[in-house]
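Per my numbering, the very first residue in the sequence shown carries number 18; after that it's consecutive. Each residue gets a CB set at the ideal place from its N, CA and C atoms; glycine is no exception. Note that the coordinates shown come from a computational prediction; the quantities given were computed from them, not determined experimentally. This report concerns only the one structure given below.
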Amino acid sequence: FKYTNLVEICPLCKEDLLYLPSKTARNHGNISRLVLVKNITNCIHIIDPLSGQTAQMNGEVFWRDPIRPIITAARSRFVRYMVLGKDAVITERNVSKRTATRRNRMKLASLILAKEENLGINDVQVEERSHVGYLMKSGDVAVGYDLTDVQFVDDDAEDARSSGKFPDVIVLRKLYGGVATNDEDAARKRIFKLQRLDAEQIEDEKAKKAQRDKENDDMDEEDFLREVEADKEMRLNMNLYKTEIALKKQQDGDDDSMDDDDDDQQVKLDELLDGLVLDDGPDKEMAGPELNEDLQWGGIGQNFVEEGGRAAKDGLKYVDREAARDVKDKDVSTVVDSFGKQFMDAKFKFI
């Protein structure tokens, strides 16, 4: 039988920016209305990017009144920012009037940011709080949303921005390695890799369309690897394997990730697995004797010692199988227990 299933998928994605209705925000711990989608499992996990407060929205609540993101997590929406400074932020209470947890208090930081494209052109800087501020330091590069140059489709969100209730920048995550420095071979310098399925691609008649599809696939894969690189929770159920660069660093004892103890999201060498190569053959200690096709029986017999040869070499008397049948009982070796004999034969005088 064939069955057709109709499935309606949640239209939200990780790192989407939402502006919750007032009632929905109150029902979720009085969280701020401006939130980010942290991840999506059997429920929607949201986080306030300015205070670090988190909440969970189940499917029943979402489908009762579906929420449309005001900014979709697309490559064209991301803006690169350079971190110029950082100050710790201590908050006793968050927006919900509840006491902030110790974990959230330690993660909050006020960042001084400047657009990377404006460096050397103008001195425009912004200072905003961020829930990932603890990862940053001066000179780091992060991606975020620029809320000053975005046209919102939600009228309530547009009114809130006009009244000054929105921040200028929402920081999403930190960039690592060659991605942060815009290296051309940034992907090759990454210390981890993922296994790929052997999928057969159907040849397209139009070469230009096939080339364009391949470029889009490569860009999507690179975006996914950047998310994996900056999210430790996302990597918990994934197997990451070492690249040649990681193996070289391991041999040299050089692990750049150990320099920054505060960064708990960066990929470390101890998280990576050694790649399994199936073409290397058996291990050396498990491998059998090598065969030589030019010799009889592959040359295996030449490695064997002639019967009795090892005993003669060690100076021992050897009896083959046929002669062993005629051995008499008196010629059979018997075990003699001589333990303590020297003490029994000795004469002792007692005073």
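(message) Cutting at 6 Å between CB atoms, please list the residues of its own chain near Arg43, excluding the five before and the five after it.
(response) Start at 1 with the first residue of the sequence shown, and residue 43 comes out as number 26. Once the five neighbours on either side are set aside, Arg43 has no close Cβ partner at all.
(message) Contact between the segment 154-167 and the segment 189-201 is defined here as three or more beta-carbon pairs at a separation below 8 Å; is this criterion met?
(response) Touching, yes, given that three or more Cβ pairs across the two stretches are closer than 8 Å.
(message) I need the straight-line Cα distance from Met251 to Val106, nearest angstrom please.
(response) As a working note, residue 251 is residue 234 in the sequence shown. As a working note, residue 106 is residue 89 in the sequence shown. Each residue's alpha carbon lies about 26 Å from the other.
(message) For Ile87, which residues in the same chain have their Cβ closer than 6 Å to its Cβ, ignoring the five residues on either side in sequence?
(response) Reading the sequence shown from its first residue, position 70 is the one you call residue 87. So the qualifying residues of the chain are Leu34, Tyr36, Phe169, Asp171, Ala174.
(message) I'd like the list of long-range same chain contacts for Asp185, defined as Cβ closer than 8 Å, with 5 residues on each side in sequence excluded.
(response) As a first step, residue 185 must be located in the sequence shown, where it is residue number 168. Closer than 8 Å at Cβ, skipping near neighbours: Val143, Glu145, Asp163, Leu164, Thr165.
(message) Quick check on the burial criterion: 16 or more other C-beta atoms within 10 angstroms. Buried or exposed for Pro66?
(response) Mapped onto the sequence shown, residue 66 falls at position 49. Result: buried.
(request) Starting from Gly76, follow the beta strand (DSSP E) in both directions and report where the run begins and ends. (result) As a working note, residue 76 is residue 59 in the sequence shown. Per DSSP, Gly76 lies in no beta strand (DSSP E); the unbroken alpha helix (DSSP H) holding it starts and ends at 76-81.
(message) Quick check: the Cα distance between Asp240 and Pro28, rounded to an integer number of angstroms?
(response) The residue you call residue 240 lines up with position 223 of the sequence shown. The residue you call residue 28 lines up with position 11 of the sequence shown. Roughly 19 Å separates the two Cα atoms.
(message) Within a Cβ cutoff of 6 Å, which residues of the same chain sit near Lys249, ignoring the five residues on either side of it in sequence?
(response) Indexing the sequence shown from 1 puts residue 249 at position 232. Leaving aside the five residues that flank Lys249 on each side, the residues in its chain whose CB is nearer than 6 Å to its CB run, in chain order, Gln282.
(request) With distances taken Cα to Cα, identify the nearest neighbour of Phe95 among Asp343, Lys132, Asp337. (result) Start at 1 with the first residue of the sequence shown, and residue 95 comes out as number 78. Taking only the C-alpha atoms, the option nearest Phe95 is Lys132.
(message) As a quick exercise: from Gly102, Phe183, Gly181, Asp176, pick the residue whose alpha carbon is nearest that of Gly156.
(response) By 1-based counting over the sequence shown, the position of residue 156 is 139. Comparing Cα-Cα distances from Gly156 to each of Gly102, Phe183, Gly181, Asp176, the minimum goes to Gly102.
(request) Within 10 angstroms of the Cβ of Glu32, are there 16 or more other Cβ atoms? Answer buried if so, exposed if not. (result) Here residue 32 refers to the residue found at position 15 when the sequence shown is read from its first residue. Buried, by the Cβ-count rule.
(request) Taking only the alpha-carbon atoms, compute the straight-line gap between Tyr335 and Asp343 and give it to the nearest angstrom. (result) Numbered from its first residue, the sequence shown carries residue 335 at position 318. Numbered from its first residue, the sequence shown carries residue 343 at position 326. Each residue's CA atom was taken as its position, placing Tyr335 and Asp343 some 14 Å apart.
(message) Measuring only the C-alpha atoms, how far is Ser93 from Val284?
(response) Walking along the sequence shown from the start, residue 93 turns up at place 76. Walking along the sequence shown from the start, residue 284 turns up at place 267. One C-alpha to the other measures close to 26 Å.
(request) Just tell me which of Lys40, Gly46, Phe79 has its CA closest to the CA of Ile447. (result) As displayed, the chain neither begins before 18 nor continues past 368, which places residue 447 out of reach and without an answer.
(message) In the DSSP output, what is His62 paired with across the bridge?
(response) Position 45 of the sequence shown holds residue 62. Answer is Asn56, Gln73.
(request) Put Leu23 into one of helix, strand or coil per three-state DSSP. (result) Here residue 23 refers to the residue found at position 6 of the sequence shown. In this structure, Leu23 counts as coil in the three-state DSSP scheme.
(request) Report the rounded CA-to-CA distance for Ile64 versus Tyr98, giving the unit in angstroms. (result) Numbered from 1 along the sequence shown, position 47 holds the residue referred to as residue 64. Numbered from 1 along the sequence shown, position 81 holds the residue referred to as residue 98. Answer to the nearest angstrom: the Cα atoms are 21 Å apart.
(request) Return the bridge partner residues of Gly102 from the DSSP annotation. (result) Residue numbering aside, residue 102 sits at position 85 when the sequence shown is read from its first letter. Beta-bridge pairing links Gly102 to Ile129.
(message) Once the 5 residues before and after Leu214 are set aside, which same chain residues still bring their CB inside 8 Å of it?
(response) Residue numbering aside, residue 214 sits at position 197 when the sequence shown is read from its first letter. Correct list: empty, nothing qualifies.
(request) Quick one: grab the DSSP three-state call for Ser93. (result) Within the sequence shown, numbered from 1, the residue matching residue 93 stands at position 76. Note: Ser93 maps to helix in three-state DSSP.
(message) Please classify Val149 as buried or exposed, where buried requires at least 16 neighbouring CB atoms within 10 angstroms.
(response) Residue numbering aside, residue 149 sits at position 132 when the sequence shown is read from its first letter. Buried, by the Cβ-count rule.
(message) Can you list, in chain order, the residues of its chain with a C-beta nearer than 8 Å to that of Leu242? Leave out the 5 residues immediately preceding and following it.
(response) The residue given as residue 242 occupies position 225 in the sequence shown. The answer, listed in chain order, is Ala204, Arg207, Leu211.
(request) Taking 8 Å as the cut-off, decide whether the C-beta atoms of Cys60 and Asn47 are in contact. (result) Numbered from 1 along the sequence shown, position 43 holds the residue referred to as residue 60. Numbered from 1 along the sequence shown, position 30 holds the residue referred to as residue 47. No.
(request) Taking 8 Å as the cut-off, decide whether the C-beta atoms of Arg50 and Ser68 are in contact. (result) As a first step, residue 50 is located in the sequence shown; it is residue number 33 there, counting from the start. As a first step, residue 68 is located in the sequence shown; it is residue number 51 there, counting from the start. Not in contact: Arg50 and Ser68 (Cβ atoms no closer than 8 Å).
(request) Give the secondary structure of Arg146 by DSSP, where H, G and I count as helix, E and B as strand, and everything else as coil. (result) For this step, residue 146 is matched to residue 129 along the sequence shown. In this structure, Arg146 counts as strand in the three-state DSSP scheme.
(request) Enumerate, from N- to C-terminal direction, the unbroken alpha helix (DSSP H) stretches of 4 or more residues contained entirely within the segment 160-219. (result) For the segment 160-219, the continuous alpha helix (DSSP H) assignments of 4+ residues that do not extend past its boundaries occur at 172-179, 194-197, in sequence order.
(message) Can you tell me which residues form a DSSP beta bridge with Tyr36?
(response) By 1-based counting over the sequence shown, the position of residue 36 is 19. Answer is Leu51.
(message) Assuming the contact rule is C-beta atoms closer than 8 Å, Leu286 and Gln267 should be a hit. Round their C-beta distance to whole Å, please.
(response) Looking up residue 286 in the sequence shown gives position 269. Looking up residue 267 in the sequence shown gives position 250. Between Gln267 and Leu286 the Cβ distance is about 6 Å, and since that is below 8 Å, they are a contact.
(request) Please classify Val284: does DSSP put it in a helix, a strand, or coil? (result) Position 267 of the sequence shown, counting from 1, holds the residue named residue 284. In the structure shown, Val284 sits in coil (DSSP, three-state: anything other than H, G, I, E or B).
(message) Less than 8 Å between the beta carbons of Asp280 and Lys259, yes or no?
(response) As a first step, residue 280 must be located in the sequence shown, where it is residue number 263. As a first step, residue 259 must be located in the sequence shown, where it is residue number 242. Going by C-beta atoms, Asp280 is not nearer than 8 Å to Lys259.
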